[in-house]
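Note that the protein sequences, when read in sequence, are chains B and C.
According to our numbering, the stretch in the first sequence is residues 16 to 482, in order.
According to our numbering, the stretch in the second sequence is residues 2 to 305, in order.
Positions of the beta carbon are idealized from the N, C-alpha and C atoms, including for glycine.
Please read these numbers as outputs of a predicted model, since none were measured by experiment.
Worksheet: the structure to be examined is printed underneath.
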Amino acid sequence: MYKCGMAATIGVILIVPVASMAADETEVQTIRDEIKDLKEGYETRMQQLEQRLQQKEQSSSPSPAASATPGTPSPPSGTPSASGSASANAFNPAISLILGGQFSNLQRDPSTYQIGGFIPGGDEIGPGSRSFSLAESELTVSANIDPYFSGYFVMAVASDNSTSVEEGYIQNTGAIAGTTIKFGRMLSGFGYLNEIHAHAWDFVDAPLVLQAFFGGQLQEDGIQVRWLAPTPVLVELGVETGKGSAFPGSDRNKNGVNSAMVFAHIGDDVGESNSYRVGASYRATKAQDRTYDDVDAIGTPVTNAFTGDSNMWGLDLVWKWAPNGNTVERNFKFQAEYMHRTEDGSLAFNTTGASLSDGYRSSQSGWYMQGVYQFMPRWRAGLRYEELNSGNADIVLVNSGALTAADFPRLAQNDPKRSTAMIDFSPSEFSRFRLQFARDQARFNETDNQVFLQYIMSLGTHGAHKF
Amino acid sequence: MNSLNRWLSIAVTAALLLACTPSFAKVNVFACLPEWAALASEVGGDKVTVYQASNALQDPHRIEARPSLVARMRSADLAICTGAELEIGWLPVLQQTAGNQKVQPGQPGYIAAADFVDRLEVPTRLDRAEGDIHPAGNPHIQLDPHNVAKVGLVLTQRLEQIDAANVPYYQARSKDFQARWNQAIARWEKDAAPLRGMRIVPYHKDTVYLIKWLGLVEVMNVEPKPGIPPSAGHLSDLVARLKGGAADVISRSAYQDPKAVISLGEKTNLPVVELPYTVGGTPGAKDLFGLFDDSIARLKAVKK
C-alpha cells in the first residue's frame with residue numbers, strides 16, 4: 016500500500032516540474048534529495064507500524080479466555096478441528112468408496128445391442144447385463160500434496176473384475192489468479208454430464224449421445240486449464256489437450272498432442288430460487304485405423320477402420336430451481352445437451368481380408384433433455400427424452416460402386432430415440448435406490464423395453480456435490 | 002529530448018498508479034452464511050464488500066455450489082465460513098474450482114470460524130449409523146454470542162493482515178463492536194434468566210449452543226437422527242413421549258419445514274416457537290444483535 020503512495024508522489028514529482036527538468040543540474044539534485052527524504056519518511060512510518068503490531072501481538076494473551084475484558088481484546092488461537100492424533104496416519108488422504116449394484120430386466124438380448132447408424136467405440140455402450148449385477152465400484156482418494164498441488168484419484172472396479180483409472184490427476188489452484196490447472200487423466204470437460212461420475216447421475220445409464228460419440232464417458236490424458244474471469248457472473252474459459260487416444264480418437268503412436276478442446280461456460284443466479292449454467296465446447300481430434308466390427312452384405316463378419324479427423328461441438332444447459340434456494344423440501348433440475356460430430360477421412364473395409372479403402376465423411380448429431388423433480392424430501396422423479404441423427408454417411412466405396420450400402424449395415428441411416436422415466440429414494444445423503452423404465456429405440460427397427468432397479472451408496476469421506 | 006522525457010514520466014506514473022489501484026479498493030469478503038456476513042459488516046465497515054452466499058431460509062448443509070458462488074469466490078480476498086464440515090457439501094467445490102489461492106484452507110484468507118471456539122458434542126465414536134454427525138463437534142456455533150465475539154476478533158486480525166493500510170480503522174471498529182457486544186451479552190443474560198431450565202425439543206440439533214448459553218434443557222429432537230426427517234411412525238412415538246409433560250416447548254429454525262413441528266405441537270398441546278437461527282431468519286433478526294434479541298423474546302413469549 017505504501018509503495019503506491021510513494022509511486023504516486025514520485026509520479027507527481029516527475030511530471031510537475033517536467034518543463035524545467037532537462038535544464039538545471041542543481042534542480043535535479045534538489046529533486047533527488049526530496050525523493051530520498053520521502054523514502055526515509057515512509058520507511059520510518061512502516062517500521063513504527065510494524066513495531067506497534069508486534070507489541071500488540073506480544074502483549075495480548077494467547078488464551079481465548081482473556082477476551083473477556085473489552086479494553087484489550089485478544090483473538091483466540093485456533094484449534095483446528097482435525098483430530099489431534101500425532102500418529103503416522105495423521106496425513107492420510109480423504110478416502111471414499113462408492114458401492115452400486117443393479118437388477119435389470121431387458122426385453123432384447125443386451126449382447127446384440129447397437130446404436131444403429133453410429134460407428135461404435137469404447138466399452139460402455141448398452142444397458143449392461145440382465146439379472147443382478149454389481150455396478151462399477153469407485154474408490155476415490157484425494158488430498159493436498161503440498162502448498163502448490165492437490166491430487167485426485169478415482170479407481171473404477173468393474174463387475175468383471177477389471178480395474179481402470181477413471182481419473183488420476185494433480186491440480187494447481189490459483190498460481191495464476193483465476194486458473195485451475197490439471198495434469199493427468201481426467202474426465203474431459205466437454206459438455207456438462209461427461210465430467211460427472213456415474214454415481215452422481217440422475218439416471219442409471221449415460222445418455223445415448225454420450226454413448227454414441229464417446230463410447231460412454233470421454234477421458235483425456237493431458238492438461239486442462241480453466242480460467243475464471245473476475246466477474247460476479249461466472250465466465251469460465253478452458254482449454255484441454257492431450258493424447259486423444261480415447262474414442263473417437265485413437266492411439267496414434269505419435270509425438271505431440273492428438274486432441275485439442277476449448278470450452279466456455281456462463282452461469283449465474285436468477286433471483287433467489289433459480290440458477291443456471293450454459294456452455295459451449297469444441298473438440299478436435301484425429302483417429303488412425305480406428306477399428307470396429309460389422310458384417311458385409313452376405314453376413315460375413317468384417318473389421319473396418321476409420322482414419323481421419325473427428326471434430327465435435329456441443330452446447331449444454333443446466334437449470335436448477337428450489338423455492339427460495341432451499342433444496343431440502345422440493346427442487347427441480349433441468350438439463351439438456353446437444354452435440355454434433357463431423358468425421359472426415361477414409362474408411363477401410365475388411366482390413367484383414369480384401370482391404371478396400373476410400374473416402375468417408377459423416378455428419379451426425381444427438382441431444383437429450385431431462386428433468387428431475389424432488390417432490391418431497393428424499394424422493395425424486397425424473398423424465399428423459401433423447402434423439403440421435405445419424406445423417407447419411409458419405410462412403411466413397413459405396414458411391415463408386417465398389418461396394419454396396421448393404422456392406423456397411425451399421426452405418427445405415429437411423430434416428431435412434433429413447434424415453435426414460437425414473438423414481439429414486441434416498442434414505443440419507445449417502446444412500447439411494449432407483450427404479451427406472453426405458454423404451455429404447457436405438458437399434459434398427461427394434462424397441463427394447465428395459466427395467467432397472469439400482470442402489471448407489473457411498474462410505475467414507477463426504478464427497479462434495481458439483482452444480 | 003525534453004518532451005520524450007515528459008511522456009516517459011507520464012507513462013511510468015500512469016503504469017505505477019494503475020498497478021496500485023487494487024490497494025485503494027475494498028477487501029472482498031465471501032461469507033458462506035448470513036451470520037458471518039453480518040459479522041464481517043460490523044467489523045469491516047466500509048472497508049469491506051461483503052458477499053453473502055446463502056440466506057437465512059436455506060438449510061446451510063444443503064447449499065448448491067452454483068456458478069454465481071464460484072465466480073464470487075474467485076474474486077474474494079477473504080472467505081469466512083463455519084467449517085467443522087457444516088459446508089462440506091458445497092464449500093470444497095468452490096475452493097477447488099474458483100482458481101483463488103488466497104481462500105484455500107490454511108491460508109490467511111480463509112477463516113473456519115468453528116476452529117476458534119470451544120465446540121460442543123464432539124463425538125466419541127464416529128459412525129454414520131448415528132446419522133449425519135460432524136467429527137469436529139456441533140458446527141452451529143453462532144448461537145452463543147461469546148462465540149460470535151471470538152470469531153469477531155479473529156476476523157479483525159485477518160482483515161488487518163490482509164489490509165494493513167487500514168489497521169487503525171479495524172482496531173477502532175473492533176473495539177467499538179466488542180464493547181457494544183459485551184454490553185448486549187450482559188443484557189441478554191439478565192433478560193433470559195427466567196428461561197433457565199425450560200425444556201425444549203428442537204427439530205434438528207442446531208440449537209445446542211443457544212440452549213447451553215441460556216441454561217435450557219434439550220429433552221430430545223424431532224428428527225430421529227441428525228439429517229433424517231421424522232417418519233409418521235416416529236412422530237406418533239414422539240407424541241406418546243411428550244404427552245406426559247416431558248417438555249415445555251417445541252422449536253424449529255426458520256429454514257426448516259414447519260409441517261412436522263406444527264402437527265406435533267397440536268397433538269401434544271405444546272407451544273411451537275420459530276427461532277431465527279441466523280441473521281434474517283425472522284423479521285426481528287435484522288442483524289447480529291437482533292438475532293439474539295428476537296430469539297430470547299420468542300422463547301420468553303411461550304414461557305408460561
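What distance in whole Å lies between the Cβ atoms of residue j and residue i, which are believed to be in contact at a cut-off of 8 Å?
i	j	result
Asp-60/C	Tyr-256/C	5 Å
Gly-386/B	Leu-223/B	The pair is not a contact, with the Cβ atoms about 17 Å apart (cut-off 8 Å).
Val-262/C	Arg-253/C	5 Å
Val-223/C	Tyr-204/C	4 Å
Lys-226/C	Asn-139/C	Contact doesn't hold; Cβ gap of about 14 Å is too wide.
Tyr-353/B	Gly-323/B	At roughly 23 Å, the Cβ-Cβ gap does not stay under 8 Å, so Tyr-353/B and Gly-323/B are not in contact.
Val-152/C	Phe-117/C	6 Å
Ile-81/C	Ala-114/C	6 Å
Ser-69/C	Leu-249/B	6 Å
Which two residues bound the contiguous beta strand (DSSP E) that contains residue i?
i	result
Asp-284/B	274-285
Val-301/B	According to the sequence displayed, residue 301/B carries Lys and not Val. That run of the beta strand (DSSP E) goes 289-310.
Leu-276/C	273-276
Does DSSP put residue i in a helix, in a strand, or in coil?
i	result
Gly-291/C	helix
Ala-151/C	A quick correction: the sequence has Lys, not Ala, at residue 151/C. Lys-151/C: helix per DSSP, three-state reduction.
Lys-269/B	coil
Ile-134/C	coil
Gln-379/B	strand
Thr-87/B	Because the pLDDT of Thr-87/B is 46, which lies under 50, any placement of that residue in the model is unreliable, and the number read from its coordinates should be weighed accordingly. Thr-87/B falls in the coil class under three-state DSSP.
Trp-37/C	helix
Asn-56/C	coil
Thr-50/C	strand
Ala-165/C	helix
Phe-467/B	strand
Thr-178/B	strand
His-480/B	coil
Met-199/C	coil
Phe-452/B	strand
Arg-129/C	helix
Gly-45/C	helix
Thr-45/B	helix
Thr-322/B	strand
By the DSSP assignment, the alpha helix (DSSP H) with residue i in it spans what residues?
i	result
Pro-169/C	168-192
Gln-96/C	92-98
Tyr-210/C	209-215
Pro-71/C	Contrary to the premise, residue 71/C reads as Val rather than Pro in this sequence. Taken as a continuous stretch (DSSP letters only), the alpha helix (DSSP H) holding Val-71/C covers 68-75.
Gly-234/C	233-244
Gly-189/B	Gly-189/B -> no alpha helix (DSSP H), and no H or E assigned at all.
Glu-267/C	260-269
Ala-171/B	Careful: Ala-171/B lies outside any alpha helix (DSSP H), inside the beta strand (DSSP E) at 165-172.
Gln-102/C	Taken as a continuous stretch (DSSP letters only), Gln-102/C belongs to no alpha helix (DSSP H), as it is neither H nor E.
Asn-414/B	411-414
Val-224/B	223-229
Run through the DSSP bridge pairs and tell me what residue i is partnered with.
i	result
Phe-347/B	Trp-336/B, Tyr-388/B
Met-221/C	None; Met-221/C has no bridge partner.
Phe-118/B	Phe-147/B, Leu-468/B
Val-118/C	Val-118/C is not bridged to any residue.
Leu-112/B	Leu-154/B, Leu-474/B
His-355/B	Trp-328/B, Ser-380/B
Thr-127/B	The partner list for Thr-127/B (beta bridge, DSSP) is empty, contrary to what the question assumes.
Gln-234/B	Leu-202/B
Met-437/B	Gly-397/B, Gln-451/B
Ala-80/C	Phe-31/C, Tyr-111/C
Arg-241/B	Thr-195/B, Gly-253/B
Arg-253/C	Glu-275/C
Ile-229/C	Lys-226/C
Just checking: is the beta-carbon of residue i within a distance shorter than 8 Å of some beta-carbon in chain D?
i	result
Val-156/B	Any reference to chain D falls outside this structure, whose protein chains are B and C.
Review point. How about the segment 333-349 of chain B and the segment 453-467 of chain B: do they share at least three Cβ pairs that are nearer than 8 Å?
Key: no
Check your understanding: Taking three-plus beta-carbon pairs below 8 Å as touching, is the segment 191-202 of chain C in contact with the segment 166-176 of chain C?
Key -> no
Check your understanding: How about the segment 116-132 of chain C and the segment 98-108 of chain C: do they share at least three Cβ pairs that are nearer than 8 Å?
Key -> no
Review point. Within the chosen definition, does the segment 274-289 of chain B reach the segment 306-316 of chain B through at least 3 CB pairs nearer than 8 Å?
Key: no
Check your understanding: Between the segment 71-91 of chain C and the segment 466-482 of chain B, do at least 3 Cβ pairs fall closer than 8 Å?
Key -> yes
Check your understanding: Quick check: the segment 436-451 of chain B against the segment 405-417 of chain B, are there 3 or more CB pairs under 8 Å?
Key -> no
Review point. Is the segment 248-261 of chain B close to the segment 163-173 of chain B, with three or more CB pairs under 8 Å?
Key: no
Practice item. Decide yes or no for the touch test of the segment 44-52 of chain C against the segment 201-218 of chain B: beta carbon pairs closer than 8 Å, at least 3 of them. Key: no
Point to revise | Segment contact, 8 Å Cβ cut-off, at least three pairs: the segment 462-473 of chain B with the segment 413-423 of chain B | key: no
Check your understanding: Counting pairs of Cβ atoms below 8 Å between the segment 137-150 of chain B and the segment 225-235 of chain B, do you hit three or more?
Key -> yes
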